[in-house]
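In the UniProt record's numbering, the protein residues as written are 1 to 354.
1) Assess, as a yes-or-no matter, whether the region 327-334 is touched by the region 256-267 under the definition of 3 or more beta carbon pairs within less than 8 Å.
2) Quick one: grab the DSSP three-state call for residue 331.
3) Under 8 Å: do the region 220-234 and the region 268-276 share three or more Cβ pairs, one atom per stretch?
4) Could you compute how far the alpha carbon of residue 54 sits from the alpha carbon of residue 335?
5) Which runs of the beta strand (DSSP E) fall wholly inside the region 190-273 and span at least 3 residues, in chain order?
6) Tell me the DSSP secondary structure of residue 38 in three-state form.
7) Checking 9 Å against the spacing of the C-beta atoms, do residue 145 and residue 300 come in under that value?
8) Taking the beta strand (DSSP E) that residue 86 falls in, what are its first and last residues?
9) Alpha carbon to alpha carbon, how far is residue 87 from residue 113?
10) Please name the residue or residues paired with residue 28 in a DSSP beta bridge.
11) With DSSP as the reference, identify every bridge partner of residue 184, one or two as the case may be.
12) Give every residue of the same chain whose Cβ lies closer than 8 Å to the Cβ of residue 80, excluding the five residues on either side of it in the sequence, and list them in chain order.
13) Which residues in the same chain as residue 286 place their Cβ atom closer than 7 Å to its Cβ, once the five residues preceding and following it in sequence are excluded?
14) Check each candidate in 304, 70, 298 and 348 and name the one with the smallest Cα separation from residue 142.
15) Which value, in whole angstroms, describes the spacing of the CA atoms of residue 176 and residue 27?
16) Excluding the 5 residues flanking residue 248 on each side, which residues of the same chain have their C-beta closer than 8 Å to its C-beta?
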């Protein structure tokens, strides 16, 4: 499914988490599509950040706020009067959830509850897409791709908090949104990669920091398999889903957005490609110290999105890694990353009609 420019042009869109990595790419995409965006988020979570480097606060109504602050969130939503809501705000890291589990549950579960409660009183609202994660499924280590009908679970606080969000979304949909004709769906994406990510404990940012400083990249679990995809892939999926929801609230379900099965590759293999793409001075080795539990294998079955939304991944893993490292090379050389980002978005959107 290619996005409908006329649907997004001039449409009022409320985005939570717009200062983060995925949120920043989403802002650029919505800007290209002509949407009128209000963003609500904490300040950028990293320094540097893609949001600041591209001065994205100038492209939207930029509101700094915490989704756990219900009154502040209600004011921002009331002022925006959104037609579409895209909820990305979260504590997004597994390892950080071990350090502060209560913060993770508070942000992810109660933050989502606040958003949904504030939205149910907005008369012109057409659709909400709430972003959770592929880690919301109960993973017993069988290595099978997860479908939307599989059992929810989550070993660590982050993963479990997102499973809680899925139950919360289902309850609000059945209790409030369905009767009012407002579409509410959840979107579950895999490990996203792309330029502009500077978070700690994520593979490509860690690699760029190590390679750029001439250090050896230490890898916790080189055999762990993840469904790697470029950040633009699920973002287009979220917008496709929002279009469908606005026309037909019966699309209000959980949806997987992940790469082709062959692109779910071990961390070690991905790092070896990153070393090759970076060039001279890049290296990695296995960090054999103790680390908190993380799932060994994660894959998503995206047949439902491919069949009912006509969405499918456009980039293979090599292309996604090449696009990502192109961005970091330009940034590392103080090049025009704003122009590069917009070019990558436009080229990717053109691929949707192929």
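Backbone N, C-alpha and C define an ideal beta-carbon position, used for all residues, glycine too.
To lay it out plainly:
1) no
2) helix
3) yes
4) 12 Å
5) 217-219, 225-227, 254-257 and 264-266
6) strand
7) yes
8) 84-87
9) 11 Å
10) According to DSSP, which records beta bridges pairwise, residue 28 is partnered with nothing at all.
11) 128
12) 12, 14, 38 and 61
13) 219 and 222
14) 298
15) 29 Å
16) 183
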